[in-house]
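What follows is one structure encoded as structure tokens, with my remarks underneath.
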Amino acid sequence: MTSEHAALRDSVRGLVTAHGGDDGLWARLCREIGVAGLTVPERYGGSGAGLTEAMIVLEELGRALIAGPMLGTVLATEALLHAGDDTLLPAVCAGDRIVALAWDSPAPGVFRDVLDLPEADTLLVVTGGNLYEANPSTVTMQPTLDPTRHPASLSVDSLRLIGPGVPVERLRDVACLALAAEQVGAAERALELTVDHVKSRYQFGRPIGSFQVLQHRLAELYVRVEAARSACAVSPAVAKITCSETLRAVAADMVQMHGGLAITWEHHAHLYLRRAWASAELFGSPAHHLARLTATHGSAPVA
47 MTSEHAALRD SVRGLVTAHG GDDGLWARLC REIGVAGLTV PERYGGSGAG LTEAMIVLEE
107 LGRALIAGPM LGTVLATEAL LHAGDDTLLP AVCAGDRIVA LAWDSPAPGV FRDVLDLPEA
167 DTLLVVTGGN LYEANPSTVT MQPTLDPTRH PASLSVDSLR LIGPGVPVER LRDVACLALA
227 AEQVGAAERA LELTVDHVKS RYQFGRPIGS FQVLQHRLAE LYVRVEAARS ACAVSPAVAK
287 ITCSETLRAV AADMVQMHGG LAITWEHHAH LYLRRAWASA ELFGSPAHHL ARLTATHGSA
347 PVA
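Take the working numbering: the last position of the sequence shown gets the number 349, and nothing is skipped along the way.
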């Protein structure tokens with residue numbers, strides 16, 4: 047991580063720590079750090095950074111289980127850039143507009159996994175090779191385990207052409223990488239909270255963190271978290287598979303090592319577990335992406 051990346055991470059973490067529960071957090075992140083325009087060139091009002099910098103922000107938001115507009119904005123700006131839009135992009139970069147993007151279409155005219163729809167000012171749709179502004183004709187909030195994020199399914203009408211549409215596979219790749227960064231952040235923080243707990247929880251007159259079996263398990267989880275972070279540099283599908291499975295493993299052990307405390311509503315352990323299972327299914331399950339890899343590269347030999 048470069049010094050600039052570390053400074054970005056620290057700035058986001060500072061704002062999240064100070065204002066994580068505030069309704070105005072997104073506006074602060076846009077105004078003070080410019081997170082909405084990280085992947086957008088300067089001529090459109092962005093900072094001209096890139097997806098790497100956006101993933102640093104998403105990792106920090108994932109640590110705090112904040113499911114604001116950042117993930118959806120990364121996808122929306124990708125679509126707007128491909129369309130050559132110069133009207134919506136400046137407003138999105140400034141944080142003045144929140145855009146929801148519908149692109150995952152299991153059937154003609156129907157879209158799923160649409161983020162930020164209740165808060166969005168504008169709905170964009172990628173369909174038929176083009177990008178449109180649209181009005182939703184029906185909206186159904188998808189059932190989810192995660193109380194912090196509410197994806198929707200919808201159908202649309204009243205399409206207005208904006209420009210050429212970004213290929214859906216490109217959007218899927220960006221979505222997987224962005225979500226994987228968020229999952230790494232959540233896994234890292236869940237592990238930190240678990241380590242803190244086993245250091246302070248006493249049993250038989252000693253901290254349970256001194257028990258070798260827990261030390262070994264925590265060390266294994268640490269290695270998995272770091273491996274998941276590295277997987278983001280391999281491929282989007284590998285990142286989605288590895289980060290989904292890692293967060294589920296860390297969250298499950300977080301619950302186990304916290305014991306009865308973890309199943310109380312007041313403790314955050316259940317939120318990390320819910321996020322783990324819900325995010326694993328978002329934009330395609332690990333099994334789906336494993337099938338993608340197998341179709342592309344062939345199955346691995348079994349020893």
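Beta carbons: idealized from backbone N, C-alpha and C, even for Gly.
Check	Outcome
Nonlocal neighbours in the same chain, by C-beta distance under 8 angstroms from residue 349, ignoring five residues either side	The predicted model places residue 349 with a pLDDT of 42, which falls under 50 and marks its position as unreliable; any figure quoted below should be read in that light. Cβ within range, chain order: n/a, list empty.
Under the three-state DSSP convention, the category residue 27 falls into	Nothing can be reported for residue 27, as the shown portion of the chain is limited to 47 through 349.
Contact check, residue 159 vs residue 181, beta carbons under 8 angstroms	no
Contact set for residue 190: own chain, Cβ-Cβ below 6 angstroms, skip 5 residues either direction	324
Endpoints, alpha helix (DSSP H) assigned at residue 178	Looking at the DSSP string, residue 178 is not in any alpha helix (DSSP H); the run it does join, the beta strand (DSSP E), is 176-187.
Burial state of residue 295, where buried means 16 or more other Cβ atoms lie within 10 Å	buried
Pair within 8 angstroms by beta-carbon distance, residue 118 and residue 230	no
Sub-8 angstroms separation of residue 88 and residue 94 beta-carbons	yes
Distance CB(residue 73)-CB(residue 139) smaller than 8 angstroms	no
For residue 206, the first and last residue of its enclosing beta strand (DSSP E)	198-210
Residue range of the unbroken beta strand (DSSP E) whose run includes residue 173	168-173
Where the beta strand (DSSP E) through residue 152 begins and ends	150-153
Nonlocal neighbours in the same chain, by C-beta distance under 6 angstroms from residue 16, ignoring five residues either side	Given that the chain is displayed from residue 47 to residue 349, the structure contains no residue 16 and the question cannot be resolved.
Residue environment, residue 347, which counts as buried when at least 16 other CB atoms sit within 10 Å	Confidence is the limiting factor: at residue 347 the pLDDT is only 49, short of 50, which leaves the residue's position unreliable, though a coordinate-based value still follows. Exposed.
Element boundaries [alpha helix (DSSP H), containing residue 242]	214-246
Residue range of the beta strand (DSSP E) that includes residue 158	156-160
Heavy atom of the ligand NAP within 7 angstroms of residue 107 beta-carbon	Because no ligand of any kind appears in the structure shown, any question about the ligand NAP cannot be addressed here.
Buried versus exposed, by CB contacts within 10 Å (16 or more), residue 276	exposed
CB of residue 169 within 8 angstroms of CB of residue 125, strictly	no
Option in 301, 151, 50 with minimal Cα separation from residue 244	301
Per DSSP, the bridge partner or partners of residue 249	252
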